[in-house]
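Heads up: the structure comes next, in structure tokens.
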Amino acid sequence: MTAAGRPNPNDGIVDRPGAVAVIGAGPHGISALKSLLAHGIPADGFDRADGVGGNWRFGAPTSRVYESTHLISSKPFTQFPDFPMPDSYPDYPSHRHVLTYFERYAQHFGVGERYLFDTEVVDVRAADSTTGSAFGGPRWDVTIRRSGTGPEVTLRYDAVVLANGHNWFPKTPHYPGLESFAGEVLHSADYKSADQLRGRRVLVVGAGNTGCDIAVESAQNADATYHSTRRAYWYNPKYALGRPSDQVADRLLALRLPIRVRRGLYSLMHKAIVGDYTRYGLRHPDHAFYETHPVVNQNLIYYIGHGDIEPRGDVDTFDADGATFADGSRIDVDLVIFATGYLARFDFLADPAVLDIRDGKPHLGLQMASPTHPNLWLSGLIQPDSGQWAIAHWQAETIAEFLSLAAHDPTRAGAIHRDIVQATGHRFSGGADYKDSTRHYYEIAHQDYLLALQEVLATLRGARDPLPRGTTVGLRV
Amino acid sequence: MTAAGRPNPNDGIVDRPGAVAVIGAGPHGISALKSLLAHGIPADGFDRADGVGGNWRFGAPTSRVYESTHLISSKPFTQFPDFPMPDSYPDYPSHRHVLTYFERYAQHFGVGERYLFDTEVVDVRAADSTTGSAFGGPRWDVTIRRSGTGPEVTLRYDAVVLANGHNWFPKTPHYPGLESFAGEVLHSADYKSADQLRGRRVLVVGAGNTGCDIAVESAQNADATYHSTRRAYWYNPKYALGRPSDQVADRLLALRLPIRVRRGLYSLMHKAIVGDYTRYGLRHPDHAFYETHPVVNQNLIYYIGHGDIEPRGDVDTFDADGATFADGSRIDVDLVIFATGYLARFDFLADPAVLDIRDGKPHLGLQMASPTHPNLWLSGLIQPDSGQWAIAHWQAETIAEFLSLAAHDPTRAGAIHRDIVQATGHRFSGGADYKDSTRHYYEIAHQDYLLALQEVLATLRGARDPLPRGTTVGLRV
Amino acid sequence: MRPWEWAFPPRGEHLEVIAAQPATDHGHPPILFVPGLGHGAWCYAEHWLGATAERGYPAYAMSFRGHGGSGGHTRLGRATTRTYLHDLMQVIASLPAPPVLVAHSMAALPARLALARYPAPAGVLLAPVPAGGLRQSLTNQFRRRPAATMRTLVGGTAEFTAVDLFADLDAATAARHLSRLGRESPLAQYELMVPHRIEPIDSPVLVVGAEADRVLAPADLDRAAAELHTSAVMVPGGHDMMLDRSWGEVLTTVLDWIDLHGTAAGAALPGATKLPPVAQALEGRPP
Amino acid sequence: MRPWEWAFPPRGEHLEVIAAQPATDHGHPPILFVPGLGHGAWCYAEHWLGATAERGYPAYAMSFRGHGGSGGHTRLGRATTRTYLHDLMQVIASLPAPPVLVAHSMAALPARLALARYPAPAGVLLAPVPAGGLRQSLTNQFRRRPAATMRTLVGGTAEFTAVDLFADLDAATAARHLSRLGRESPLAQYELMVPHRIEPIDSPVLVVGAEADRVLAPADLDRAAAELHTSAVMVPGGHDMMLDRSWGEVLTTVLDWIDLHGTAAGAALPGATKLPPVAQALEGRPP
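Protein chains in written order, with this note's numbering: chain V, 2 to 478; chain D, 2 to 478; chain X, 755 to 1041; chain W, 755 to 1041.
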């Protein structure tokens, strides 16, 4: 879907004056669109799927959930703060619950009708027009194709919010001998249900949340399950002290304990619940808590203790019938699943420089703001250590507040934008030193990132609507 | 298979002089046979299945394990103390591991070749013979039928050990309207694999270990899972403090803490791990720890917290499409699984009085000894709060020691037998007050029961082989 | 940040919601009525719900946990303003579209928190307690009934008589209403006396005061209005203005204001009214 | 009861087992050789394993964890007699039939515990330490080499010279053997000095003493034999009788005794020899 050299006839362009294009109807897309509407800014949305939900629309082209997917963070932080999940939902809802939730959100806020579904965005470029955008910067031409093969249409907007997700394009590693492997090779992107595992000998590669989930599912369905991990991770239980463990972790945050104390307490709790990793044939994690993206999986060690998962180290080579590991051991398998993560893709961008894409990764202020254009924003390029959609909401609010201000006070908005862009590269790690930085490029500590958004939001809000002297206002994200 | 009035022609009876018939090739049968052989007593075994393992021979006629069955007690106590499971086995082996273990045990001790497999015992009665048994009491005629429909053969033995198990004959409750239910009704005895659950709406009745296991399996496979329990039980995790939780409980025993302190500490640990039951829509257990048979299930509450199991109370009535509960709520289901336990059956016994069977339950000294005959023993009529096969071993040793003594010193043996029988009805509850006594008729606290066996064994051993004065001998079970 | 909210989410309880739908859909936003201390949805069901539906608004009234027909009566003692906010948000999220919030008395606290985080079309606060904490009202109350006030201070539910709540209601009706009052959480009552963080609200807000209010002192009403950078519109009647004889006048004042401020955008968020959806713009083109 | 065994099971480690099979199966029980302090399966592999197989016995030698070719060297410091019992039982259960146990020196402790719980056909204890704890041997050792003994007391591995272990072996061979000695667990060494519970053993047991033993004092040997209600059979050579020049004579003594006591029942449990299996009794009848 290359964008180079695309003819850009001004004739036939559909003008959407004063409006924002939102690309993607996942949680970041629908919350961005809603915040824009709530701030009085018209917006249109586009998504390849036939409805909202993005990744959570099981079976949709870019959905990566599988039949058994449940949230790995519990409701309170995960949900949108202005639209809580129903109390009837369990602590860790399933992807079916989640999709229903997004559909109700879209319906409640009238967001769904602002979308074109079954619609692919094929090109986004700064418009070659004489008038500038209402929000500063150029206007944007967004070319779409409906229903896969239909004719292309170009629309012109005053701003663009990219919310196309970064967890759908499979990243597949290269291993010597993999091409000679006679069995099936699958990326977790194509894993949908346990039917794919039954009656087979399975090697799952990767210790992320997906890899651990699939290993656990394989333990119960496959004839044999091996789980290869490059390094030793912390496997956090879903429940601790009888509550969802992320709620327990947030208690330590609520008490404003410094990271060392939190780490110590969490370690202690982990020791009491999970114990000594080497008992299970696992290596002991070689790093402190909070230094890698949290893997939340209560049952991996459980199934190792039941003999249904055999943990292994790094794969060295593949042959026709199986794999050999770094420690020299060899296994026979007939299915290899690479749960090795995803790459962020922005193929529709005519000029990758607008996101400062280097090494396949955008470099953005607050992980949201284009370095070149104040009316191009990206929502969702984050990997929080907690639930995601509370952050989606505040990213959306930040974008909407910024564009509101930009429409009324471009100078003030420009200064704030410069500040945001200047801080590009700042790690919102909450004091931790992230290991394995490739893996953790988008990683954020939720409390740290939210405080940064809170500060920007307070500045934006103050600029838009100065409060009477003497009034105390506590904006809380 | 009534035994009344069976002709008993002395002609054609196969005499097995000095030998013991062992009925059943489950863990209690093979360990009894082995202990007899080790004590120099010849013995023959019979089993309906085509090999050893009993309940653990997946697919055999009286096997009640399902594809996913794993032990619910960890290795150290569960295994035979003179034949440990390999270190390569996990903490909680699967039924496949377990069967291999029994097969290796039978091979190692040369027990397998003493069995007739595919053989049903159809009648057991005191022989109408002039000579008494070598072990005291009458000789016993055991009538068998090989390969289901073959001719019957009667063999004559000097003693009989019943090890036919009490967990294979389904106990099915009666509910109003059940006959009008249009869906499928299954007893857990016929539950074999998750295939039976897929795509269905399932109601699992019963909070025993099997009921909880099936509910958890259903959570992952069925379209909807409801779990009905009559009262509120403690659901013990399989792991606590990073170790199998039964090992942790035995630490408290090893420290010789009184039951109140153990109960307190265990409660505390439970609270830290499982927390408040009412959070999950469960009732809080209405009794103390150790007062009911321990349910060991780590994932029931986990799946409730994921919305995949809906806990319910007692079923009130069934109708064509579902069930109504005591609280008035109603659900639609198309499969009901009764995990409501099993009944002990001894249909082959010509005279139930030899086991003092009342209300379908034998009344035996030490839960092993016939009140009428010193050469009729029963192994396995126990429901321990821990692993089973360590106790199977010591029951076997007690029987073999007793018969050894009975062969050499009938007077002494007779006195000991009287003592054993006199204590019939004693509860080996470890100080706990068992609730719901029907359910807990065979329940024992492992430490309490073993101490009783240890005392009897020491007496028997001392009678057989008095040690030199001044030597300290510590017999330990 | 709101880590306490993430770390200690209230347990869910069944929440009573009573609804009255207009005969025809006028595209108006729904109105959610939120009752005050010890009250339940019943106080709005008495007159206002039906009359609001007749004016063309989908009308809903809720009861907080431990109030009216909601669950959680036995665990009421643990409820705080934060718990009520949770309940309010649960009901808001269950509605088909963003509602106008109409909150009475003590419910002004959770309603203001909800308005600060939620893009409601508008908010109406009836005899609202100030976020800064009650002052004059307490003093008045103590002067009038010192014993009852002391009981409240040690955890008893605030005690109301007909004189407190109604300016002009026959004794029988007043007694019937009083008999429906329920217990209040002591924690939530204590929160009425301490200052709360004031979070900024974008939605238009109307503050309504009752001329014959014997519960909320005029000084406290004025402080509540000032916190919202407005001043109170005074209506006839006592504190329970939805039950007092003048309920119709008061409702008219409220709905007239909502007509003006809350339905500018119909039931849609304001941005949606400025440009028709893109699907309309592309109509007639090949799909 | 053995709650400690249930509550604190040792972690599994890879255990070295070296086997030598006889050319033809004579139905003899297997013999499992268990090495002493700091020794491994190698000490039996040198001469005895092959010679035992030649006498018609399946022969096995094992190494405890942290010894010889077994795993767990880095965690050896935690090993106790109970840990070694675990290892011994693991190897026993891996054999095709109940083995005769032949244990040397320190290994007598776990071997006696195994014999007390396991129906081995027979047991042979070579220069066994008494369950009552070493006495004279310690005193002797301290007199001869006080510094080395002190090091042992603070956790060092017992130090042996050629003179300690061998009565008559050329220096080069002795040095080769000595170089293969490994570390011993300090905990297991301490256990040599304290009394252990004596559990009753049903299997026949032979106690063998070496005439020129410079490690185990005659008094301690006699106490060990007395604990087993027998007296020691004396053979030529030093403490490491399976490596000393007279290894052949010693092995002959051991195997002659096993021929007599351990193979009465062949490889089967005794009860099995008294009556052929029921399947044979029913042979010729319809199945």
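The beta-carbon is built from N, C-alpha and C at its ideal position, and this holds for glycine as well.
Check whether residue i and residue j have beta carbons under 8 angstroms apart
i           : j          : result
Pro-783(W)  : Pro-864(W) : no
Val-217(D)  : Asn-165(D) : no
Val-798(W)  : Pro-812(W) : The sequence shown places Tyr at residue 798(W), rather than the Val named in the question. Cβ atoms of Tyr-798(W) and Pro-812(W): not closer than 8 angstroms.
Phe-339(V)  : Val-143(V) : no
Leu-960(X)  : Ser-859(X) : no
Leu-1005(X) : Trp-796(X) : no
Gly-243(D)  : Arg-280(V) : yes
Trp-831(W)  : Pro-776(W) : Here the sequence assigns Gly to residue 831(W), which means Trp is not the residue at that position. The answer is no: Cβ separation not under 8 angstroms.
Continuous beta strand (DSSP E) stretch holding residue i: start and end
i          : result
Phe-818(X) : Premise fails: Phe-818(X) is in no beta strand (DSSP E) and is neither H nor E.
Ile-332(V) : 331-333
Ile-145(D) : 141-147
Phe-326(V) : 323-326
Own chain residues within Cβ distance below 7 angstroms of residue i, not counting five before or after
i          : result
Val-917(X) : Arg-968
Ser-824(X) : Glu-767, His-768, Leu-769, Glu-770, Ser-817 and Phe-818
Gly-910(W) : none
Secondary structure of residue i, DSSP reduced to three states
i           : result
Trp-1001(X) : helix
Trp-169(D)  : coil
Leu-1029(W) : coil
Thr-828(W)  : coil
Phe-47(D)   : strand
Leu-880(X)  : strand
Ser-229(V)  : strand
Asn-842(W)  : With the sequence shown as reference, residue 842(W) is identified as Leu, and Asn is not the correct amino acid for it. Three-state DSSP puts Leu-842(W) in a helix.
Val-422(D)  : helix
Ile-772(W)  : strand
Thr-472(V)  : Legend: pLDDT at Thr-472(V) = 49, less than 50; position of this residue unreliable, value from coordinates given subsequently. Residue state, collapsed to three classes: coil.
Own chain partners of residue i with C-beta closer than 6 angstroms, once the 5 adjacent residues on each side are dropped
i           : result
Arg-829(X)  : none
Ala-1022(W) : none
Asp-564(V)  : Only positions 2 to 478 of chain V appear in this structure, which leaves residue 564(V) out of reach.
Ser-1000(W) : Pro-990 and Gly-991
Asp-335(V)  : Gly-184, Arg-201 and Arg-202
His-418(V)  : Pro-375
Cβ-based neighbour list, residue i, same chain, cut-off 8 angstroms, excluding 5 preceding and 5 following
i          : result
Leu-892(W) : Thr-903 and Met-947
Gln-448(D) : Leu-254 and Gly-431
Residue from the options whose Cα sits closest to the Cα of residue i
i          : options                                           : result
Ile-14(D)  : Arg-157(D), Ser-387(D) and Val-123(D)             : Arg-157(D)
Ala-416(V) : His-374(V), His-394(V), His-447(V) and Asp-124(V) : His-374(V)
Arg-756(W) : Leu-404(D), Thr-399(D) and Trp-395(D)             : Trp-395(D)
Pro-940(X) : Met-843(X), Ser-957(X), Ala-833(X) and Ala-761(X) : Ala-833(X)
Leu-356(D) : Pro-295(D), Gln-221(D), Ala-127(D) and Gly-282(D) : Ala-127(D)
Val-337(V) : Ala-225(V), Ala-370(V), Ala-393(V) and Gly-381(V) : Ala-225(V)
Closer than 7 angstroms: residue i CB and nearest the ligand MN heavy atom
i          : result
Gly-766(W) : Inclusion of the ligand MN in the displayed structure is not the case, the ligand content being empty and no account of it being possible.
First through last residue of the alpha helix (DSSP H) which encompasses residue i
i          : result
Arg-359(V) : Run containing Arg-359(V): none; DSSP gives neither H nor E here.
His-98(V)  : 96-109
Glu-398(D) : 390-409
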